[in-house]
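Student: In our numbering, the protein residues as written are 14 to 292.
Virtual Cβ for every residue (Gly too), placed ideally from N, Cα, C.
For reference, the structure I am asking about is given below.
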């Protein structure tokens, strides 16, 4: 005789097979597993929401540092070494219009000044003699070129300017503490050279071309001026600076390797860390 329990189980299975609308009941174990899975997923999202911003910030800083820090092969170095972005510099002059009043009666007259300019130049800078150092710095010089931009200037390089006679005034300032007899001798020499407190020169002479002066020739040849350094045979504010590197000195700059916050920081100039040590 068949077992009544087995008969009930078989009947139940057959009934489920014939009834397609019938679904097996979910077990308590499956519901618990689903709840745990949802809990783990939620916990994972919570951890990501907390840590992802920090991880992204770290990755972003690393990405920026690796792109910006200067190395011999980096794009940053190539752009810095030979900057393709145009730089403009403008010069203004003050033309002294009533200079003759000073010599009429010897009394003081307030100078009347006329602003002239701008005289615009395109400036190009190239870093040369670059040396890479072990302390994440580079040592270099820089060459500058200036090209006159007539189209965007208000005036010509041939405009004449009446301005202070810098050479004569510098000579007077230089000898102010010298021996009395030397001062008198130099003063008499300046008077014989018909030197005035003002001069008339063109813009090109005052800027880059320079102009000759008998005082400069005297200072370069007379023993009395042997202690005075007169480096040039002419005077001009930018005389012999166009296309040269010797006037700007030697720079030492941080490359940002190891600390991107220091990139471009000037560590020293002419091997001094502060300008006060140069004096």
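By alpha-carbon positions, which one of 138, 191, 227, 120 ends up nearest to residue 207?
Tutor: Within the chain shown, residue 207 is the residue found at index 194, counting from 1. The option with the nearest alpha carbon to residue 207 is 227.
Student: Reducing DSSP to helix, strand and coil, say where residue 95 ends up.
Tutor: Mapped onto the chain shown, residue 95 falls at position 82. Strand at residue 95.
Student: Compute the Euclidean distance between the alpha carbons of residue 189 and residue 199, then round it to the nearest angstrom.
Tutor: Numbered from its first residue, the chain shown carries residue 189 at position 176. Numbered from its first residue, the chain shown carries residue 199 at position 186. So the alpha carbons of these two residues sit roughly 11 Å apart.
Student: May I ask you to report which of helix, strand or coil DSSP gives residue 284?
Tutor: Start at 1 with the first residue of the chain shown, and residue 284 comes out as number 271. Three-state DSSP puts residue 284 in coil, outside helix and strand.
Student: Thinking C-alpha only, which one of 153, 286, 241, 217 is nearest residue 250?
Tutor: By one-based count along the chain shown, residue 250 stands at place 237. Comparing Cα positions, the closest option is 217.
Student: Taking all protein chains shown into account, decide if residue 265 is buried (16 or more other Cβ within 10 angstroms of its Cβ) or exposed.
Tutor: As a position in the chain shown, residue 265 is number 252, starting the count at 1. Classification of residue 265: buried, given that the 10 Å Cβ count is 16 or more.
Student: Less than 8 Å separating the beta-carbons of residue 127 and residue 107?
Tutor: Residue 127 sits at position 114 when you count from the first residue of the chain shown. Residue 107 sits at position 94 when you count from the first residue of the chain shown. Closer than 8 Å, so yes.
Student: State the DSSP-derived secondary structure class of residue 206, mapped to helix, strand or coil.
Tutor: For the purposes of this step, residue 206 is identified with residue 193 of the chain shown, where counting begins at 1. Taken through DSSP and simplified to helix, strand or coil, residue 206 comes out as coil.
Student: Let me know the beta strand (DSSP E) ranges lying completely inside the segment 134-208, each 3 residues or longer, listed in chain order.
Tutor: 150-161, 173-177
Student: How is residue 55 classed by DSSP in three states: helix, strand or coil?
Tutor: Within the chain shown, numbered from 1, the residue matching residue 55 stands at position 42. In this structure, residue 55 counts as helix in the three-state DSSP scheme.
Student: Could you give the distance in angstroms between the alpha-carbon of residue 285 and the alpha-carbon of residue 277?
Tutor: Here residue 285 is taken as the residue at index 272 of the chain shown, counted from 1. Here residue 277 is taken as the residue at index 264 of the chain shown, counted from 1. Using only the alpha carbons, I get a separation of about 17 Å.
Student: Whose C-beta lies closer than 8 Å to the C-beta of residue 243 among residues of the same chain, with five residues either side of it excluded?
Tutor: Here the question's residue 243 lines up with position 230 in the chain shown. Here the set comprises 229, 232, 233.
Student: Just mark residue 279 as buried or exposed, buried being the case when its beta carbon has 16 or more other beta carbons within 10 Å.
Tutor: Your numbering for residue 279 matches position 266 in the chain shown. Here residue 279 is exposed, its C-beta having fewer than 16 other C-beta atoms within 10 Å.
Student: Do the segment 176-183 and the segment 149-161 make contact, defined as three or more Cβ pairs closer than 8 Å?
Tutor: no
Student: Work out the CA separation of residue 46 and residue 35 for me, nearest whole Å.
Tutor: In the chain shown, the residue the question calls residue 35 occupies position 22. In the chain shown, the residue the question calls residue 46 occupies position 33. Note that residue 35 scores 49 on pLDDT, short of 50, meaning its location in the model is unreliable; the coordinates nonetheless yield the value given after this. When rounded, the distance between both Cα atoms is 23 Å.
Student: Check this for me: beta carbons of residue 220 and residue 174, under 8 Å apart or not?
Tutor: Along the chain shown, one-based indexing puts residue 220 at 207. Along the chain shown, one-based indexing puts residue 174 at 161. No, the Cβ-Cβ distance between residue 220 and residue 174 is not below 8 Å.
Student: Of the choices 214, 82, 268, 270, whose alpha-carbon is the least far from that of residue 247?
Tutor: Position 234 of the chain shown holds residue 247. Nearest option by C-alpha distance: 214.
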